[in-house]
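Using the numbering used here, read the sequence shown as starting at 5 and increasing by one per residue. Structure record follows, encoded as C-alpha cells.
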Amino acid sequence: MSPSIPEETVKALLTVQPVAITNENFAQWGQVVRMPDADPNAVQVNQGSAQKYSHLAEITNLRPAATDSANPNPTLTSATTNVAIFKCYKPVTTPQFAIKLLERHPYSSQMFMPMGGDGNGSYVVVTAENGPDDKPVLSTLRAFKCNNTLGINYKPNIWHHPMIVVEKPVQFMTITHESGVPMEDCEEYWFTKESGSEGGAAALIQLA
Numbered sequence: 005m006s007p008s009i010p011e012e013t014v015k016a017l018l019t020v021q022p023v024a025i026t027n028e029n030f031a032q033w034g035q036v037v038r039m040p041d042a043d044p045n046a047v048q049v050n051q052g053s054a055q056k057y058s059h060l061a062e063i064t065n066l067r068p069a070a071t072d073s074a075n076p077n078p079t080l081t082s083a084t085t086n087v088a089i090f091k092c093y094k095p096v097t098t099p100q101f102a103i104k105l106l107e108r109h110p111y112s113s114q115m116f117m118p119m120g121g122d123g124n125g126s127y128v129v130v131t132a133e134n135g136p137d138d139k140p141v142l143s144t145l146r147a148f149k150c151n152n153t154l155g156i157n158y159k160p161n162i163w164h165h166p167m168i169v170v171e172k173p174v175q176f177m178t179i180t181h182e183s184g185v186p187m188e189d190c191e192e193y194w195f196t197k198e199s200g201s202e203g204g205a206a207a208l209i210q211l212a
C-alpha cells in the first residue's frame, strides 16, 4: 500500500478480502488450470509413461487470421499467438495492496501458468465486471488466492489487475494472442475519478 494514502482515506476505501480460487467461483472470469481430481477422458501416452489431461483452458482468439479472405471485420489487425514468460520479481510485502487500475484484452484469452511448482510462491488474482459505460465496476471487485500448483486463464474482455505476487517471486508462462496494436492487445482503465486518495488508490486488497 502506498505510504502517501492517509489513514482516514484508507478506512473509507473499498477493501476486498481474497478467497481461495475454485473452478466454480472463477467460472465467470475464465478457467482454473489445474490437475483434475478425476478426469474420465484422461489417457495414457508416451508408451504408458505419462497421463494426459486435455482441454483444461479455453484459449481464444477473436481476431481473424491474416489469411482469412472472409474476414468479417477487416478493421481488426490479425493476431498471432505469443507464448511468453512473465518474471514477477517484486512480491508484495505489505498487508494491503492498493488498486489503481485494471486492464483487459478485448480479443484474446490470457493464460498464466506458474513455472516451478512447490516453493515458487503464490499470487492473487483481481477481477471486476464490465459496466454499461464499458468500464470496470469498482463495487464488483473480486480477489482470489492462488497457490503455485495451478494457473488461471482469463476469458477475452475480462477486467483484471496485473498479477499480484506474494511471498516469493514467481515466473509465469503466458499464452496470449497479440497483433501489436496497443489498444487491441491491452486496454487499461485507471480509477482516477473513483480514487479516494492522493496516491490514486480506489480500493484495497487485504493480503494479511
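For each residue, glycine too, the CB sits at the ideal point set by N, CA and C. No experiment lies behind these values; they were computed from the predicted model shown.
A direct Cα-to-Cα measurement between GLN210 and GLY52 gives close to 46 Å. Looking only at CYS92, PRO110, ASN50, VAL49, the smallest Cα-Cα distance to MET117 is reached by CYS92. The alpha helix (DSSP H) runs of length 4 or more contained entirely in the segment 123-209 are, from start to end of the chain, 186-189.
In the displayed model, ALA61 falls within coil according to three-state DSSP, outside both helix and strand. SER113 counts as buried, since at least 16 other C-beta atoms from the protein chains shown sit within 10 angstroms of its C-beta. When DSSP states are grouped into helix, strand and coil, ALA54 belongs to the strand group. Here the alpha carbons of LEU66 and GLU171 stand approximately 35 Å from one another. By a beta-carbon distance limit of 8 Å, GLN32 does not contact LEU208. Their separation comes to about 22 Å.
Annotation: ASN29 is outside any beta strand (DSSP E) and is labelled neither H nor E by DSSP.
Setting aside the 5 residues that flank it on each side, MET167 is surrounded in the same chain by CYS92, TYR127, each with a C-beta closer than 6 Å to its C-beta; the list follows chain order. Counting C-beta pairs closer than 8 Å gives three or more between the segment 171-185 and the segment 77-88, which meets the contact rule. Secondary structure at ALA24: strand, using DSSP grouped into helix, strand and coil.
Taking all protein chains in view, the Cβ of PRO22 is crowded by 16 or more other Cβ atoms within 10 Å, so the residue is classified as buried.
One Cα belongs to ALA147, the other to THR98, and the distance between them is close to 16 Å. Under the Cβ criterion (8 Å, minimum of three pairs), the segment 195-205 does not count as touching the segment 143-157. Judged by DSSP secondary structure, LEU211 falls outside any beta strand (DSSP E); it is assigned neither H nor E.
When the alpha-carbon of ALA102 is set against those of PRO40, ALA16, PRO160, TYR158, the nearest one is in ALA16. Distance between THR64 and TYR193, taken at the CA atoms: about 22 Å.
Distances from the alpha-carbon of ILE89 to those of ILE162, THR178, ALA206, ASN161 put THR178 closest. A distance below 8 Å separates the beta carbons of ALA46 and LYS56.
Rounded to the nearest whole angstrom, the CA to CA distance from MET115 to SER201 is 32 Å.
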